[in-house]
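K.L.:
Would you mind keeping the following structure in view while I ask a few things?
In my numbering, the protein residues as written are 6 to 353.
Now the structure itself:
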């Protein structure tokens, strides 16, 4: 409602550092709010009503964002949810939903979006929403060509692409935004968490053409774009740039995955080690051949690692993926301590 210089400065900065023609930003407080706003804008701009999301996805805990979440465990007890949402198969290569091999599949899961539009919607799809790296779903890393194929399908049907960077954005994966690994420009991007390093702030950004579908007063939030949070975000982004945190994250993450893979051949319960930058997942299974999810074992590993003074998380629809996401400023010595604790438990 009023011009605040630091808020305008942050909007200008985001327009400079995000890909493509993304120029206009709306500020909110949480990731769910950013997704809700991006969804509303996509529907307003397109004049269409339906949505496509991915299985294994997570987009928040509000009504609309849970409706877009492809995980019954997160949605249980809150239905019925928003109508008009169809789900495409996640690019979960370790457990390919189409029982194919990534080397020869031709990105069939991305191409399947076409069938979802044709057979599971009324062809009134406003947007496709996806996390470029699926965090809550188990650190699922889509293949390199996935989003290129998906974008071709979306463009053919005039469907907007919303990239959910709430967890994976701001240098976490070794790039400012995780979608940059794929060479695709989204129509809208939702951001939160790392945008202000703990201060309550989120945002969604689009091109001017799309943003202008909102008229003044169409979309508001009382505390969104708080000047203190925006100042923190500007300082945060400056620190990231001056200290090359994207490069730091890429380097430390690669070293961590290489170190963890050293023990994989000797441990049949490690199904896969995957990730980008300092967003790393270890899928725990009963044995490598069956790939049966081992949620109880993962929980015990998490608890044992905590006893060693290291906090990790658990993710995945099956509750069997260890989530390793240390601070982006982690030093070599600190990373060695993290790896020693995790490897010590896995080798015990």
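For glycine and all other residues, C-beta sits at the position ideal for the given N, C-alpha and C.
Below 8 angstroms between beta carbons: does that hold for residue 285 and residue 335?
P.N.:
Not in contact: residue 285 and residue 335 (Cβ atoms no closer than 8 angstroms).
K.L.:
Could you compute how far the alpha carbon of residue 292 sits from the alpha carbon of residue 323?
P.N.:
Cα to Cα, the separation comes out at about 15 angstroms.
K.L.:
Just confirm the distance between the C-beta atoms of residue 39 and residue 208, as a whole number of angstroms; I'd bet it's less than 8 angstroms.
P.N.:
About 6 angstroms; that satisfies the 8 angstroms criterion.
K.L.:
Residue 369 by DSSP, collapsed to three states: which one?
P.N.:
Residue 369 cannot be examined here, being either before or after the span of the chain that is shown, 6 to 353.
K.L.:
With DSSP as the reference, label residue 30 as helix, strand or coil.
P.N.:
Strand.
K.L.:
Rank 288, 20, 133, 157 by C-alpha distance to the C-alpha of residue 146 and give the top, closest one.
P.N.:
Cα-wise, what sits closest to residue 146 is 288.
K.L.:
Starting from residue 347 and walking both ways along the alpha helix (DSSP H), at which residues does that stretch end?
P.N.:
Residue 347 -> alpha helix (DSSP H) spans 337-352.
K.L.:
Would you call the segment 20-35 and the segment 210-218 in contact, with 3 or more CB pairs under 8 angstroms?
P.N.:
Judged by Cβ distances under 8 angstroms, the segment 20-35 makes contact with the segment 210-218, as three or more pairs qualify.
K.L.:
Contact between the segment 39-48 and the segment 62-75: three or more CB pairs below 8 angstroms?
P.N.:
At 8 angstroms Cβ cutoff, the stretches touch.
K.L.:
State yes or no: is the C-beta of residue 319 within less than 8 angstroms of the C-beta of residue 326?
P.N.:
Against a cut-off of 8 angstroms, the Cβ pair of residue 326 and residue 319 comes out as a contact.
K.L.:
Kindly indicate which residue of 227, 269, 255, 223 has the alpha-carbon position closest to the one of residue 48.
P.N.:
Of 227, 269, 255, 223, the residue nearest in Cα terms is 223.
K.L.:
Is the CB-CB distance between residue 167 and residue 206 below 8 angstroms?
P.N.:
Going by C-beta atoms, residue 167 is not nearer than 8 angstroms to residue 206.
K.L.:
When the Cα atoms are used, what is the spatial distance from residue 195 to residue 314?
P.N.:
The alpha-carbon atoms of residue 195 and residue 314 are separated by roughly 33 angstroms.
K.L.:
Roughly how many angstroms lie between the CA atoms of residue 70 and residue 200, to the nearest whole one?
P.N.:
Each residue's alpha carbon lies about 19 angstroms from the other.
K.L.:
For the alpha helix (DSSP H) that contains residue 10, what are its first and last residues?
P.N.:
Note, residue 10: alpha helix (DSSP H), 10-22.
K.L.:
Which residue comes first and which comes last in the beta strand (DSSP E) that contains residue 93?
P.N.:
Per DSSP, residue 93 belongs to the beta strand (DSSP E) from 90-93.
K.L.:
With 16 other CB atoms within 10 Å as the buried threshold, where does residue 32 fall?
P.N.:
With 16 or more other Cβ atoms within 10 Å, it is buried.
K.L.:
Can you look up residue 55 in the DSSP assignment and give me helix, strand or coil?
P.N.:
Looking at residue 55 - three-state DSSP - the assignment turns out to be strand.
K.L.:
How far does the beta strand (DSSP E) with residue 132 in it reach, from first residue to last?
P.N.:
Unbroken beta strand (DSSP E) run through residue 132: 130-135.
K.L.:
Out of curiosity, what's the CA-to-CA distance linking residue 93 and residue 242?
P.N.:
Near 34 angstroms, if we compare the C-alpha coordinates of residue 242 and residue 93.
K.L.:
Can you tell me whether residue 266 is buried or exposed, with buried defined as 16 or more other CB within 10 angstroms of its CB?
P.N.:
That one is exposed.
K.L.:
Distance, Cα to Cα, residue 228 vs residue 10?
P.N.:
Each residue's Cα considered, the two are about 16 angstroms apart.
K.L.:
Applying the 10 Å Cβ sphere with the 16-neighbour rule, what's the burial state of residue 165?
P.N.:
Counting Cβ neighbours within 10 Å, residue 165 comes out buried, since at least 16 surround it.
K.L.:
Going by beta-carbon coordinates alone, are residue 239 and residue 176 separated by less than 8 angstroms?
P.N.:
Result no, Cβ atoms of residue 239 and residue 176 do not sit closer than 8 angstroms.
K.L.:
Using the Cα positions of residue 124 and residue 312, report the straight-line distance between them to the nearest angstrom.
P.N.:
Near 50 angstroms, if we compare the C-alpha coordinates of residue 312 and residue 124.
K.L.:
Count the other CB atoms within 10 Å of the CB of residue 305; is the residue buried (16 or more) or exposed (fewer)?
P.N.:
Exposed, since its Cβ has fewer than 16 Cβ neighbours within 10 Å.
K.L.:
Evaluate residue 133 with the Cβ neighbour count: other Cβ atoms within 10 Å of its Cβ, from every protein chain shown; 16 or more gives buried, anything less gives exposed.
P.N.:
Answer is buried; the Cβ neighbour count reaches 16.
K.L.:
As an exercise, report each continuous alpha helix (DSSP H) stretch of at least 4 residues that is fully enclosed by the segment 270-336, in chain order.
P.N.:
For the segment 270-336, whole alpha helix (DSSP H) runs of length 4 or above, ordered along the chain, are 300-312.
K.L.:
Below 8 angstroms between beta carbons: does that hold for residue 245 and residue 179?
P.N.:
For residue 245 and residue 179, no; Cβs fall outside 8 angstroms.
K.L.:
Following a CB-centred definition, is residue 62 positioned closer than 7 angstroms to any heavy atom of the ligand HEM?
P.N.:
Among the components of this structure there are no ligands whatsoever, and the ligand HEM is therefore not found.
K.L.:
Are the CB atoms of residue 54 and residue 113 within a distance shorter than 8 angstroms?
P.N.:
No, the pair does not count as a contact, with Cβ atoms beyond the cut-off.
K.L.:
So, using beta-carbon positions, are residue 61 and residue 143 closer together than 8 angstroms?
P.N.:
A contact, by the Cβ cut-off of 8 angstroms.
K.L.:
What separation, rounded to the nearest whole angstrom, lies between the Cα atoms of residue 110 and residue 204?
P.N.:
When rounded, the distance between both Cα atoms is 42 angstroms.
K.L.:
For residue 230 and residue 36, what's the separation of their Cα atoms in angstroms?
P.N.:
Looking at the two C-alpha atoms, the distance is approximately 13 angstroms.
K.L.:
So the beta strand (DSSP E) residue 239 belongs to, where does it begin and stop?
P.N.:
Segment 232-247 is the alpha helix (DSSP H) holding residue 239; no beta strand (DSSP E) there.
K.L.:
Applying the criterion that 16 or more other CB atoms from any shown protein chain within 10 Å of the CB defines a buried residue, is residue 254 buried or exposed?
P.N.:
Residue 254 comes out buried.
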